[in-house]
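**Student:** In this note's numbering, the protein residues as written are 219 to 674.
Virtual Cβ for every residue (Gly too), placed ideally from N, Cα, C.
One structure is given below, represented as structure tokens, and several questions about it will come after.
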Amino acid sequence: MTDLLSIILAAGKGTRMKSDKIKVLHPVAGKPIIKHVLNTLDGLNSKIVNVVGHQKEKVQAELEDLDMWDLNYVVQSEQLGTGHAVKQAESYIAEHEGAVLVLYGDTPLLRKETIAEFVKEHQQNNSDLTVMTAFFDNPEGYGRIVKDQEGNLTAIVEEKDAAPETKKIKEVNSGVNCIDSELLQDFIANMDNNNAQQEYYLTDIIEFAVNKNKKINTYTVQDADEIIGINSRKQQAEAEQILRSRIIDQHLTNGVTIIDPETTFIDAEVEIEQDVTIYPFNYLEGKTKVAKNTVINQNCKLKNAIIGKNVEILSNTIIKESKVGDGTNVGPFAYLRPGSIVEDNCKIGDFVELKKTTVKSGAKVPHLCYAGDAEIGERTNIGAGTIFANYDGENKFQIKVGKDAFIGSDSILIAPLTIGDQAKTAAGSVVTKDVNSGDTVMGVPARIYKSQKQED
Ligand code: UD1
Ligand code: CA
């Protein structure tokens with residue numbers, strides 16, 4: 219659509235976060251800050267250059283799923299300022315004609331509609347430089363927008379360089395700029411670091427452009443929250459709150475019932491279908507998906523969980539990296555650990571822990587059970603207190619229980635083990651050997667009580 223070059227500045231460590239992890243990799247609503255910024259370019263059809271430095275491999279890994287985009291990386295090995303960061307993308311800028319969009323990698327609340335409109339306005343006005351601004355009641359920490367009496371932008375002054383009068387200005391620099399490629403090249407060839415922080419400021423481009431009589435505009439974003447930049451954990455928490463309430467609003471608009479928005483936490487990439495009901499104190503994280511008519515009772519945590527339709531998740535359930543099929547009930551107090559697949563119309567009851575376990579359609583694990591590295595066949599019932607003993611202290615082994623089987627209460631199944639279709643174990647059995655289809659075993663260790671074969 220637009221012939222655009224976008225440069226994202228993400229090389230800084232983010233000292234004020236006081237973290238081993240660089241700032242742009244910290245999450246807001248479960249997604250790294252830089253990814254929020256990148257997502258605002260969705261649909262712009264832009265070539266993108268990420269300026270990276272600290273932990274560049276990690277940044278690259280985070281953005282891997284945007285690989286279909288024209289994503290490029292340049293390295294700024296020493297962080298000498300935002301102007302110096304842009305300079306690292308010099309060769310891309312020189313190749314490009316027209317508008318260069320510069321974004322700071324620490325502004326996760328920008329909306330893609332705002333970015334699209336901003337770029338459009340810059341191009342329609344034939345501007346050489348457009349700066350996105352906003353008004354803050356408390357502008358502390360941001361570069362101030364200095365205008366002359368006619369309202370023309372004349373400079374951006376950083377907090378640390380600002381005189382008391384300038385500090386009173388409430389219009390601030392967002393860090394979002396559209397700059398004509400030639401002007402930008404000219405500026406980066408001539409910029410200096412004569413300021414309080416001895417950094418090469420990109421913001422100095424304003425005065426540079428004024429001196430060259432360039433066409434300069436500001437674009438003021440109405441919802442000032444959009445331009446919040448994250449420098450500290452406090453700002454991260456503020457952004458988190460704002461984004462979460464935006465996400466909740468979106469789901470409410472889409473037809474999801476959220477009983478208490480204040481105590482419901484839904485990450486940015488979660489998908490929820492219509493007529494889902496979510497009770498208070500729930501966390502839906504990562505790439506969780508919830509299909510139609512499902513009810514999630516209070517106090518659950520779902521992380522990268524794929525939940526079918528008409529599911530009921532009872533309170534205090536945790537589901538991680540697992541799938542739950544249509545019409546299944548889970549919980550209360552169930553724990554589905556990574557790699558579990560519970561198919562349709564099953565029941566996973568209270569105090570049941572599953573790990574890497576597949577429960578086939580119609581099977582029931584109603585109470586008090588651990589199953590790891592297992593497969594439970596269609597319509598099989600696992601009695602209360604059953605333990606799938608999958609670990610001998612050194613290695614883990616598989617257990618397979620066939621379909622229509624009945625595992626008596628308090629059975630212990632010792633892996634590796636295969637229990638056939640329609641087989642039964644009596645209550646309290648410790649099953650150490652495979653059980654043939656249709657056989658019943660009992661005792662410790664379990665022995666055949668009734669064999670299908672003998673009866674035939
Ligand atoms: C910057 C602006 C300020 C603006 C604010 C908006 C400058 C000089 N100041 O201040 O006017 O109001 O953002 O949020 O531009 N970065 C690099 N390399 C560097 C320095 C920074 O890649 O050498 C990256 C950082 O990783 C960050 C972004 O640029 O993502 C902004 O840098 P930061 O230090 O946060 O700038 P602010 O002090 O917030
Ligand atoms: Ca910042």
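1) Looking at ligand 1, does it come within less than 7 Å of S392, judged from the CB to the closest heavy atom?
2) Report the rounded CA-to-CA distance for F551 versus L572, giving the unit in angstroms.
3) Would you check if the region 353-369 and the region 297-309 touch, i.e. whether three or more CB-CB distances between them fall below 8 Å?
4) Taking the Cβ atom as the reference point for each residue, do G272 and A317 lie within a distance shorter than 8 Å?
5) Note the first and the last residue of the continuous beta strand (DSSP E) segment covering A303.
6) Does any heavy atom of ligand 2 sit closer than 7 Å to the C-beta of N449?
7) Considering just the uninterrupted stretch of the beta strand (DSSP E) at R362, what are its terminal residues?
8) Count Cβ pairs between the region 595-606 and the region 621-632 that sit closer than 8 Å; are there 3 or more?
9) Jot down the residue ranges of each uninterrupted beta strand (DSSP E) in the region 469-527, minimum 3 residues, whole runs only, in chain order.
10) From the DSSP output, in three-state form, read off A442 for me.
11) Check whether the Cβ atoms of I496 and I476 lie closer than 8 Å to each other.
12) Beta strand (DSSP E) containing H585: first to last residue?
13) Start and end of the beta strand (DSSP E) containing S224?
14) Between the beta-carbon of S647 and the beta-carbon of G620, is there less than 8 Å?
15) With a CB to CB cut of under 6 Å and the five nearest residues on each side skipped, what residues in its chain are close to V474?
16) Under the three-state reduction of DSSP, which class applies to Y291: helix, strand or coil?
17) Between the region 523-538 and the region 501-514, are three or more C-beta pairs nearer than 8 Å?
18) Thinking I424 and T384 are a contact (beta carbons under 8 Å), I'd like their distance in whole angstroms, please.
19) Measure how close the beta-carbons of G549 and I531 come, nearest whole angstrom, since I'm counting them as under 8 Å.
20) Does the distance between the C-beta of D410 and the nearest non-hydrogen atom of ligand 1 fall short of 7 Å?
21) Count the other CB atoms, across all protein chains shown, that sit within 10 Å of the CB of G611; report buried if there are 16 or more and exposed otherwise.
22) For M660, is the classification buried or exposed, using 16 other Cβ atoms within 10 angstroms of its Cβ as the cut-off for buried?
23) Quick check on this structure: which residue in D422, D485, V649, G393 has the alpha carbon closest to the alpha carbon of Q468?
24) So, N534 versus C518, is the Cβ gap smaller than 8 Å?
25) In this structure, does DSSP put D398 in helix, strand or coil?
26) Per DSSP, what kind of secondary structure is F405 in: helix, strand or coil?
27) Nearest to A581 by alpha carbon, out of N431, K574, I559?
28) Is there at least one non-hydrogen atom of ligand 2 closer than 7 Å to the beta-carbon of D324?
29) With a threshold of 8 Å on Cβ separation, who are the neighbours of D622 within its own chain once the five nearest residues in sequence on each side are excluded?
30) In its own chain, which residues sit with a C-beta less than 8 Å from the C-beta of S579, not counting the 5 before and 5 after it?
31) DSSP three-state label for R555, please.
**Tutor:** Short version:
1) yes
2) 12 Å
3) no
4) At residue 272 the sequence reads His, which differs from the Gly that was named. Cβ distance not < 8 Å, so H272 and A317 don't count as in contact.
5) It is not in any beta strand (DSSP E) - A303 instead sits in the alpha helix (DSSP H) that spans 300-305.
6) yes
7) 362-365
8) yes
9) 482-484, 500-503, 519-521
10) helix
11) yes
12) 582-590
13) 223-228
14) no
15) I490, V494
16) strand
17) yes
18) I424 to T384, Cβ: 14 Å. No contact.
19) 6 Å
20) no
21) exposed
22) buried
23) D485
24) yes
25) strand
26) helix
27) I559
28) yes
29) G595, E596, R597, T598, D639, Q640
30) G543, E561, D562, N563, C564, E596, R597
31) coil
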